[in-house]
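Chains as they are written, first to last, in the working numbering: chain E, 3 to 397; chain V, 3 to 397; chain Y, 3 to 397. Heads up, the beta-carbon is just placed ideally off N, CA and C, and yes, glycines get one too. This report concerns only the one structure given below.
Right under this line is the structure:
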């Protein structure tokens, strides 16, 4: 019986596990290895920061949803992968595998910029439940004692959506509380222009965001890399100094240490169209862990985002490929990756669709509409229900 | 009985006088000192230039509206203020005061740019009744004998609205007369971009003006300072030469000589939130005479405009503060200054609201609509009626 | 009897011939000299490239439509004009004239840029029936074997419309075939910004085209001159290299060799308001052959386009002037040239009107609407019918 190990218990990991179980039933021995016992619906972390969600609203116990489905769960951090021996080392175990799916997400590389990050630095962050909870505290302090905020993304980031969402949400909330004029908001980003999002923009996204920011008095500073952060200000490589009271800056992304040796210089894993490692044929990588080349070089380097939506798609392709191989069937030929994105804007939202993800595209949609907000609210509940019940299908 | 002297008989001066009378009745001796016997509804000067108003349509005799209300009017120019002695000198009188309100408006500093201005130079201007009447003559000549026009603002200007209005109005009138193609219009400004207006723009104002100007074939030249003006052309600091037949250029603003020694290097008077001089406790300053720091440095220096609307608000706050102090009541704590602005566009108009005046703002509205034109037409009549009847209330 | 010779058998030449016949009847001896026996409705060449028209749908035999109207047709190339002797030389004939109308269109100066053009180079072109037919073949190959395309205009071009049309049409067709994502489209132009079109733009044309291109994923590269073209890439003067599979680049325009000695350094003929040569009083020039100074210098030199619509207007003015002179009547005083333009956008179209052609303008209209597409479809049929029946009137 094939032993399939999945590294990571988030969008990619759980979807791959469920999908493999669905396709292979008891013909495979499936194990999920993750150092986090929780599944967090990451797209809702901005809402947690805003105080619109509690942690328990958006988390599930991985243990509970896997075990009774016959999927093993090892709650330990992988330390190393030895591809030649097809095994993983944790600090305590050696886990052999016939197939490995890597879905480990990003390593948040705060240390690349002195003073960055909530642990050893002075900036907040939105990418983990703990960081978000902490940012939520800072936000509460701003509401009591207003002052200048800086939101945005450092160089080498490959996830821009949450920073945009928070800029819109905080603007909307501050206006609702009639205190917007007490909180100057700067949007600082490594993107060459607003709405680039690491993918050269989506249709009219540049003008769309520029207009929205002008209308909402959010001051953009684009195409910038951060040199360092002090307790009071962000210093850019070009010498500009930006004072702040709250700074929420996405850090550079890298591959996590355990898998980085299998990847490119930044630790992202090169794969083929089926998400199979270009060198190690029984290793697959999906989500942020895998490498997508940017569509164009940018003055300040940025990465291509991999959304939950995209990660789920990748996980299913990887699972289908492994299942077909085990069952000796014809391998699936996946269509080019497309993406649907719902960007919350506080009092409204934007629906984005790009097919494929990178330009040139056959189809691009960008619509601002209140129904996009409802879709986003509904999708959160739907996806958590789906994960809880071990369903991997649509979407 | 407290003796209150008000320097200036325009928006700020008259409003302060009426408001003090309303609050203090006969418990104060109120004197208005101004070298102009007329109150001119300055926002209508562009219409006077266009030939849509006569001087008598938009002026009142200050004398007539003050005297029978028990407010003294001295029609002389103040020459000097001696704050240590609490008195004002004119060429003939010494006027002592317990409280002084300075509402003297701008000194139009044509001499800072060789060749600028209607008196010793070659450009027209829109800021006084006499200048406007003269500009109206130039405009008539253009209609008979068309040629290139340059409208806009030099460096150090802090009133951009009338130049925008005239650009729109002249464009509309020339189209109506089917001769727009004979009159190239250049809009030359010290603002870093169109629609900045000295306040970093109002919401989408940049894109709004850019689009309107593109549609109307008005060619913008922004972010420029003027070196000198010759009879035929405007020479910019960067060497560009702009030929013209009519040039209507707002000159640098300063404080008027009599009050300038109390102010900052450009003669604008530093005040606290109640418009009280930061050093001389019995002197207040409102309107253009007082100093507001720009929200951000601009490559070419520009000032923050103080509209009639804002000046009236300031005058009322200053008056209320003085009245409270005299009556030994609690001083008013004014809310941050906001502004409503109606910009005529010839065949339509724009309604602008900013709360507060400077970014970041709680609220910004920018709407182009024909009702804004009707509002503007109505407001002129309403305000003149109000002044004539000594009313200082709303707005 | 006055002998009038017309060089050129396209929009300008045929219109002038018909109009002279209408005005002078048998009182003039009218001869058309052209080396092309066909009249081609050039505005439809983009549709021919797209495969939406066959050559026979958009061509007429000049011979057939001239001869039975009593207009002589000499199908030879003019080699030289001898204005002092009032005669034209072809390789075989000497043709004397009393009046000469030059309507020879552009000389496509591919040789100014190494590697440019379909004959000795590697790029396609849209300006002649043969070039367009060939480009149609390249387009078919792209549809079978997709790859990157570059569309646009080199330096010194004075006809930008067809390149814009093709960008829109190809984008629309590729989307219809669900293969747009396989064909990156770059729009490379010498215009200082999108929508400039050699005339400083039409109202909002810049923002209009920028938004449309963003929405359609057409990547603009503006304000560029081409250094050379190799089989695989276009090399710009600034060093940029743009790879391509199909490149359709409008070449520099010049006057055709036979008439160039009468013109400015680029061979375009200077004329007065009646299209009469500024020096040779019995020579007229209309359409692309005549010189219009650009409304403003541009960093990369571009020319003012002369559309079929404009050329027809010019031809009628020239004809009316000659007829009046022959009949000893008062010469017509033509109004300033205006233009109506219908730009196909594949699945829609844009209607543009500028009056006059060059800014500042009394009137500018720019509308995107499906009715503009219907107008364009109808106009093609109407104009061909008109030419076939020797009608020169409206429009």
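Host alpha helix (DSSP H) of residue i (start-end)
{"i": "residue 393 (chain E)", "result": "Taken as a continuous stretch (DSSP letters only), residue 393 (chain E) belongs to no alpha helix (DSSP H), as it is neither H nor E."}
{"i": "residue 167 (chain E)", "result": "163 to 178"}
{"i": "residue 88 (chain Y)", "result": "Residue 88 (chain Y) -> no alpha helix (DSSP H), and no H or E assigned at all."}
{"i": "residue 67 (chain Y)", "result": "64 to 69"}
{"i": "residue 93 (chain V)", "result": "Counting along the chain, residue 93 (chain V) falls outside any alpha helix (DSSP H), and DSSP gives it neither H nor E."}
{"i": "residue 7 (chain Y)", "result": "Counting along the chain, residue 7 (chain Y) falls outside any alpha helix (DSSP H), though it belongs to the beta strand (DSSP E) covering 4 to 9."}
{"i": "residue 209 (chain Y)", "result": "207 to 218"}
{"i": "residue 31 (chain Y)", "result": "Run containing residue 31 (chain Y): none in the alpha helix (DSSP H); it sits in the beta strand (DSSP E), 30 to 35."}
{"i": "residue 14 (chain V)", "result": "13 to 26"}
{"i": "residue 55 (chain Y)", "result": "Residue 55 (chain Y) -> no alpha helix (DSSP H), and no H or E assigned at all."}
{"i": "residue 125 (chain E)", "result": "Residue 125 (chain E) -> no alpha helix (DSSP H), and no H or E assigned at all."}
{"i": "residue 324 (chain E)", "result": "310 to 328"}
Cβ neighbour criterion (16 or more within 10 Å) applied to residue i
{"i": "residue 376 (chain Y)", "result": "exposed"}
{"i": "residue 182 (chain Y)", "result": "buried"}
{"i": "residue 139 (chain V)", "result": "exposed"}
{"i": "residue 277 (chain V)", "result": "buried"}
{"i": "residue 137 (chain Y)", "result": "buried"}
{"i": "residue 315 (chain Y)", "result": "buried"}
{"i": "residue 228 (chain Y)", "result": "buried"}
{"i": "residue 56 (chain E)", "result": "exposed"}
{"i": "residue 107 (chain V)", "result": "buried"}
{"i": "residue 298 (chain V)", "result": "exposed"}
{"i": "residue 301 (chain Y)", "result": "exposed"}
Under 8 Å by beta carbon: chain V residues contacting residue i
{"i": "residue 177 (chain E)", "result": "364, 365"}
Beta-carbon neighbours of residue i, restricted to chain Y and to distances below 8 Å
{"i": "residue 187 (chain V)", "result": "362"}
{"i": "residue 180 (chain V)", "result": "364"}
{"i": "residue 198 (chain V)", "result": "Residues of chain Y passing the Cβ test: none, with the nearest at roughly 19 Å."}
{"i": "residue 358 (chain E)", "result": "183"}
{"i": "residue 219 (chain V)", "result": "205, 361, 362, 363, 366"}
Residue i: contacting residues in chain E (beta-carbon distance under 8 Å)
{"i": "residue 208 (chain V)", "result": "216"}
Cβ separation of residue i and residue j, assumed to be a contact under 8 Å, to the nearest whole Å
{"i": "residue 4 (chain V)", "j": "residue 35 (chain V)", "result": "Their Cβ separation, rounded to whole angstroms, is 16 Å, which puts residue 4 (chain V) and residue 35 (chain V) out of contact at 8 Å."}
{"i": "residue 68 (chain V)", "j": "residue 19 (chain V)", "result": "7 Å"}
{"i": "residue 2 (chain E)", "j": "residue 196 (chain E)", "result": "In the structure as shown, chain E starts at 3 and stops at 397, and residue 2 (chain E) therefore has no counterpart that could be examined."}
{"i": "residue 93 (chain E)", "j": "residue 78 (chain E)", "result": "7 Å"}
{"i": "residue 151 (chain E)", "j": "residue 187 (chain E)", "result": "5 Å"}
{"i": "residue 245 (chain Y)", "j": "residue 119 (chain Y)", "result": "Incorrect: roughly 18 Å between the Cβ atoms, too far for contact."}
{"i": "residue 362 (chain Y)", "j": "residue 231 (chain Y)", "result": "Actually they do not touch by this definition, with Cβ atoms about 38 Å apart."}
{"i": "residue 236 (chain V)", "j": "residue 173 (chain V)", "result": "Between residue 173 (chain V) and residue 236 (chain V) the Cβ distance is about 19 Å, and since that is not below 8 Å, they are no contact."}
{"i": "residue 105 (chain V)", "j": "residue 321 (chain V)", "result": "The pair is not a contact, with the Cβ atoms about 11 Å apart (cut-off 8 Å)."}
{"i": "residue 204 (chain Y)", "j": "residue 366 (chain Y)", "result": "6 Å"}
Extent of the continuous beta strand (DSSP E) run through residue i
{"i": "residue 188 (chain V)", "result": "187 to 191"}
{"i": "residue 287 (chain E)", "result": "285 to 287"}
{"i": "residue 132 (chain E)", "result": "Unbroken run through residue 132 (chain E) is the alpha helix (DSSP H), 131 to 146; no beta strand (DSSP E)."}
{"i": "residue 244 (chain Y)", "result": "243 to 245"}
{"i": "residue 150 (chain V)", "result": "Neither: residue 150 (chain V) is in no beta strand (DSSP E) and is coded neither H nor E."}
{"i": "residue 346 (chain E)", "result": "341 to 346"}
{"i": "residue 40 (chain E)", "result": "40 to 42"}
{"i": "residue 366 (chain Y)", "result": "365 to 370"}
Where residue i meets chain V, residues with beta-carbon distance less than 7 Å
{"i": "residue 240 (chain E)", "result": "Within 7 Å Cβ-Cβ: nothing; residue 240 (chain E) doesn't reach chain V, min ~16 Å."}
Neighbour list for residue i in chain Y, Cβ cutoff strictly below 7 Å
{"i": "residue 213 (chain V)", "result": "206, 209"}
Any C-beta of chain V within less than 9 Å: which residues of the segment 117 to 143 of chain E qualify? none
Using a Cβ-Cβ cutoff of 9 Å, what residues of the segment 324 to 339 of chain Y are near chain V? List them in chain order. 338
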